[in-house]
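First residue of the sequence shown: 90, per our numbering; consecutive thereafter.
Using N, Cα and C, we set each Cβ at its ideal position, and we do this for glycine too.
All values reported here derive from a predicted model rather than from experimental measurement.
Below: the structure, in structure tokens.
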Amino acid sequence: MIKKILFLFLAISIVSCKKSEKKVEEASKPKVKLFQLVGGSVLVKKLEVFSQDTTYTGQTKQFTDAYYVISHPKGNLMWDAGLPEQLVIPEPFDEPSGVFRIQRPDSLANQLKTIGFKIEDFKYFAMSHSHFDHTGHANLMKDAKWIVQENEYNANVGDSAKTKNPALAALKNVQKIKGDYDIFGDGTVVIKYTPGHTIGHQSLYVEVAGLDKPVLLTGDLYHFEENRDTKGVPSFNYDVKKTLESMEIFEAFAKEKDAEVIIQHSPISFKKLEELLKK
């Protein structure tokens, strides 16, 4: 009986100690804030381009086009840049390929004002990748340090680039990285290398103060929920094999961290994160 009591006391002490350690760790972590903004609306008129086969032939789907502000004691980071500001227009624009109908609701400056920020408040800027719906206001972030995978940089604006991406021409303050990168050196905001959609595609892990779980932003590793469930790969991805490998790595990391996965183009994910951030 005495042994049982001692064992129970020891078990309670260990649990209590672990809880105390967790509280100390949480208290010592910097307070990171996350804001979600709308960089555009994308109606996909030919959803079949988001498959390697004819799965979605004849279907359409409404996407959102979110971008994010991460506030950290060591500086502010902007993640992704939505659609170009030329698309702040009264009626949506049907782009020439016939795949997308696109529109942006407001300018970067006006949107930042709603959360108490200005364009010049940003020390860092990073994008999941360099497609047009993620580089929209990139030119306005020229004073921030652009953190980009070296291979993504080379493919878009490097000397060896076949066609240089004009949306990125203004970005001269560049930090090239290779693989995962801990932006502030404390584990709270980490770029995860997830190539495949483009050669240097990346996702973002954020430990947000006040949330029970960390947030994991997918970039365009996935575009909608079914896409994630079936491991669907768009027809225009740079590398199918690398995309599938990145999905495996991403899911293992999400499970390890018990992270809230936010699919950046999903209206469902947008609403979910909006509700979480209200808490």
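Original post:
With a CB to CB cut of under 8 angstroms and the five nearest residues on each side skipped, what residues in its chain are close to Tyr-242?
Top reply: Mapped onto the sequence shown, residue 242 falls at position 153. Same-chain partners within the cutoff: Val-263, Lys-265, Gly-289.
Subject >> Buried versus exposed call for Ser-335 [16 or more other C-beta atoms within 10 Å across all chains shown] >> reply: By 1-based counting over the sequence shown, the position of residue 335 is 246. Ser-335 is buried by the Cβ-count criterion.
Subject >> Presumed contact (8 angstroms Cβ cut-off) between His-223 and Met-216, rounded CB distance >> reply: Mapped onto the sequence shown, residue 223 falls at position 134. Mapped onto the sequence shown, residue 216 falls at position 127. With 8 angstroms as the limit, His-223 and Met-216 qualify as a contact, their Cβ atoms being about 5 angstroms apart.
Original post:
How close, in whole Å, do the beta carbons of Ile-352 and Tyr-294 come, if the pair is a contact with beta carbons under 8 angstroms?
Top reply: As a working mapping, residue 352 is identified with position 263 in the sequence shown. As a working mapping, residue 294 is identified with position 205 in the sequence shown. Not confirmed; about 15 angstroms, so no contact.
Original post:
Do you know whose CA, among Val-188, Glu-174, Thr-203, lies nearest Tyr-145's CA?
Top reply: Looking up residue 145 in the sequence shown gives position 56. Just measuring C-alpha positions, the residue of Val-188, Glu-174, Thr-203 sitting nearest Tyr-145 is Val-188.
Original post:
Under three-state DSSP, which class holds Met-230?
Top reply: In the sequence shown, the residue the question calls residue 230 occupies position 141. Note: Met-230 maps to helix in three-state DSSP.
Subject >> Stretch-stretch touch, CB-based, cutoff 8 angstroms, three pairs: the region 196-214 with the region 161-178 >> reply: yes
Original post:
If His-161 sits next to Val-278, beta carbons under 8 angstroms apart, how far is it from one beta carbon to the other, in whole angstroms?
Top reply: Against the sequence shown, residue 161 aligns to sequence position 72. Against the sequence shown, residue 278 aligns to sequence position 189. Sure, about 6 angstroms apart at Cβ, within 8 angstroms.
Subject >> At least 3 beta-carbon pairs within less than 8 angstroms: the region 125-134 vs the region 170-187 >> reply: yes
**OP:** Measure from the alpha carbon of Pro-284 to the alpha carbon of each residue in Asp-275, Ile-338, Pro-179, then state which is nearest.
**Re:** As a first step, residue 284 must be located in the sequence shown, where it is residue number 195. Measuring from the Cα of Pro-284, the nearest candidate turns out to be Ile-338.
Subject >> Lys-261 versus Val-177 - alpha carbon distance >> reply: For this step, residue 261 is matched to residue 172 along the sequence shown. For this step, residue 177 is matched to residue 88 along the sequence shown. Distance between the alpha carbons of Lys-261 and Val-177 is about 26 angstroms.
Original post:
Can the beta-carbon of Ile-159 be found closer than 8 angstroms to that of Leu-126?
Top reply: Here residue 159 refers to the residue found at position 70 of the sequence shown. Here residue 126 refers to the residue found at position 37 of the sequence shown. In this structure, Leu-126 does not lie closer than 8 angstroms to Ile-159 by Cβ.
**OP:** Report the residue from Asp-301, Gly-128, Gln-291 whose alpha carbon sits nearest the alpha carbon of Asp-271.
**Re:** Walking along the sequence shown from the start, residue 271 turns up at place 182. If we check each option's Cα against that of Asp-271, Gln-291 comes out closest.
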